[in-house]
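S.K.: Please read through the structure below; I'll follow up with questions.
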Amino acid sequence: MTARTGYMTFLVAAAAAIIFAITRVENWGILCLLVLALALIGAGKDAKAISWGQFMPLGIVVLFVFFLIYHYANPMWHRVVGYQTANLRHIFQWNDIFNSIPFNDARYFRFWQPDWLTTYFQWVYNYGFALSYWICVIRAFFTKDVQKFGRYSLAGYLLQVPLILPFYNLVLLQEVWFVQGTPDLLERALTPEQQFSTTMNCFPSMHTSIAFAAFLLAMREKSAWYRWWIGTYCISIIVSTMYLKIHWIIDVFAGMAFAYGCVKLADWIVGTRLYASFTAWFEGLGGRLQERFMTPKAPQAAKPVQSDQSTLHG
């Protein structure tokens, strides 16, 4: 095996291992993997014209950091919710206000509720929060584009979590089914205490904001297939929040506005000179590593053989 082949084999194996680890955090099943795989079709149309050897070394490192954040984010989120339940006294309590607004409970999304459609939206809601984000980040990896990598990760999650917490700390608004005293259409086996804490962070809808950020950024891509595929999936996530009586109509519009703001903020960050310098360093270091490990060494010239004068004249 040549040094070039060994180097690329190592990079491909490392990338595959990280992507596999990402799929195991929430035990994605075959349908989740299918959604992800189909989203990668046509990634070459949006790819940057640099080599894999130049992009992958640091691309793998960044993807691994994102995986670590994802792996430990859920326990952290539950600690935040626990802190809210035990310590915070929300300034704004909107349950009764939102319930009194006509049609704010999105009842017209539930005029037809066959079992298969409810099962579909349950699946979409349960996995869409993370999957819509990771589809974009993993596809950005396959486009070899450092700017897409940054824009999708910032707008889809890294900016949203810290910026949305002040809303959740100030506003107590709970899920539609909980406020109206109807069954939980997600069929979660929750105790009364768990129901209260699980349903408390509704404004704005973060399922909506993550999905809509993915939708907005996907509409910029060249691949018509990707725009159609991710667009349909993200709209399904948003609809599921209303169909399942999780979010109020105002939550959803607030989530869309919040997502738009995060996308614009991500655009600004990625457009700064600092990020341009990071991109240049990222690709420059990858290029040097590629040259170091993938460029064949020139064979050394053989030293001329000198005759032994003593032998000739002995």
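Anchor point for the sequence shown: position 15 equals 18 in the working numbering, and the numbering is continuous, going up by one each time. We treat Cβ as the ideally placed atom computed from N, Cα and C, and that holds for glycine.
Do threonine 211 and valine 182 have their C-beta atoms within less than 8 Å of each other?
M.R.: No, these two residues do not count as a Cβ contact at 8 Å.
S.K.: Just tell me which of Phe23, Phe95, Ala217 and Ala17 has its CA closest to the CA of lysine 151.
M.R.: Closest by alpha carbon: Ala217.
S.K.: With 16 other CB atoms within 10 Å as the buried threshold, where does tryptophan 231 fall?
M.R.: Exposed, because fewer than 16 other Cβ atoms sit within 10 Å of the Cβ of tryptophan 231.
S.K.: Ignoring anything shorter than 4 residues or poking outside the segment 123-199, list the alpha helix (DSSP H) runs there in chain order.
M.R.: Complete alpha helix (DSSP H) runs here, min 4: 149-156, 163-173 and 179-183.
S.K.: Is glutamine 293 helix, strand or coil when you go by DSSP?
M.R.: Helix.
S.K.: Could you name each continuous beta strand (DSSP E) segment of 3 residues or more that falls completely within the segment 191-242, going from the start of the chain to the end?
M.R.: Whole beta strand (DSSP E) segments, 3+ residues: zero.
S.K.: Can you name the residues that DSSP bridges to phenylalanine 95?
M.R.: In DSSP, phenylalanine 95 forms a bridge with Val174.
S.K.: Buried or exposed for glutamine 96, please, with buried defined as at least 16 other CB atoms from any protein chain shown within 10 angstroms of its CB.
M.R.: Glutamine 96 is exposed by the Cβ-count criterion.
S.K.: According to DSSP, is proline 117 helix, strand or coil?
M.R.: DSSP places proline 117 in coil when its eight states are reduced to three.
S.K.: Look at the alpha carbon of isoleucine 53 and the alpha carbon of proline 105, and state the distance between them as a whole number of angstroms.
M.R.: Near 54 Å, if we compare the C-alpha coordinates of proline 105 and isoleucine 53.
S.K.: Hey, would you say leucine 188 sits closer than 8 Å to valine 38, going by beta carbons?
M.R.: For leucine 188 and valine 38, no; Cβs fall outside 8 Å.
S.K.: Run the CB neighbour count on glutamate 190, radius 10 Å, all protein chains shown included, and call it buried at 16 or more, exposed below.
M.R.: Exposed, since its Cβ has fewer than 16 Cβ neighbours within 10 Å.
S.K.: Taking the alpha-carbon positions, what's the tyrosine 229 to threonine 146 distance?
M.R.: Going by the C-alpha atoms only, they are around 13 Å apart.
S.K.: Which same chain residues end up closer than 7 Å to isoleucine 21 when comparing Cβ atoms and leaving out the 5 residues on each side of it in sequence?
M.R.: Counting only Cβ-Cβ distances below 7 Å, and skipping sequence neighbours, we find Ile63, Leu66, Phe67 and Phe70.
S.K.: Would you say isoleucine 25 and tyrosine 73 are within 8 Å of each other, going by their C-beta atoms?
M.R.: Yes.
S.K.: Between the alpha carbons of glutamine 177 and valine 15, how many angstroms are there, rounded?
M.R.: Their backbone Cα atoms lie some 45 Å apart in a straight line.
S.K.: Which residue from Gln163, Tyr171 and Phe296 puts its Cα closest to that of methionine 203?
M.R.: Considering only alpha carbons, the answer is Tyr171.
S.K.: One question on the structure: do isoleucine 249 and valine 140 come within less than 8 Å of each other, judged by their Cβ atoms?
M.R.: Cβ distance not < 8 Å, so isoleucine 249 and valine 140 don't count as in contact.
S.K.: Just tell me which of Trp31, Val28, Leu175 and Gln198 has its CA closest to the CA of leucine 91.
M.R.: Closest by alpha carbon: Leu175.
S.K.: Quick check: what's the CA-CA separation for leucine 277 versus tryptophan 119?
M.R.: Spanning the two alpha carbons is a distance of roughly 49 Å.
S.K.: Are threonine 168 and alanine 269 close, meaning C-beta to C-beta below 8 Å?
M.R.: The amino acid at residue 168 is misidentified as threonine; the sequence shows leucine. No; because the gap between Cβ atoms is not below 8 Å, this pair is not in contact.
S.K.: Within the continuous alpha helix (DSSP H) that includes isoleucine 252, where are the two ends?
M.R.: That run of the alpha helix (DSSP H) goes 252-273.
S.K.: So, is alanine 221 buried or exposed, given that buried needs 16 or more other C-beta atoms within 10 angstroms?
M.R.: Looking at its Cβ environment, which holds 16 or more other Cβ atoms inside 10 Å, alanine 221 is buried.
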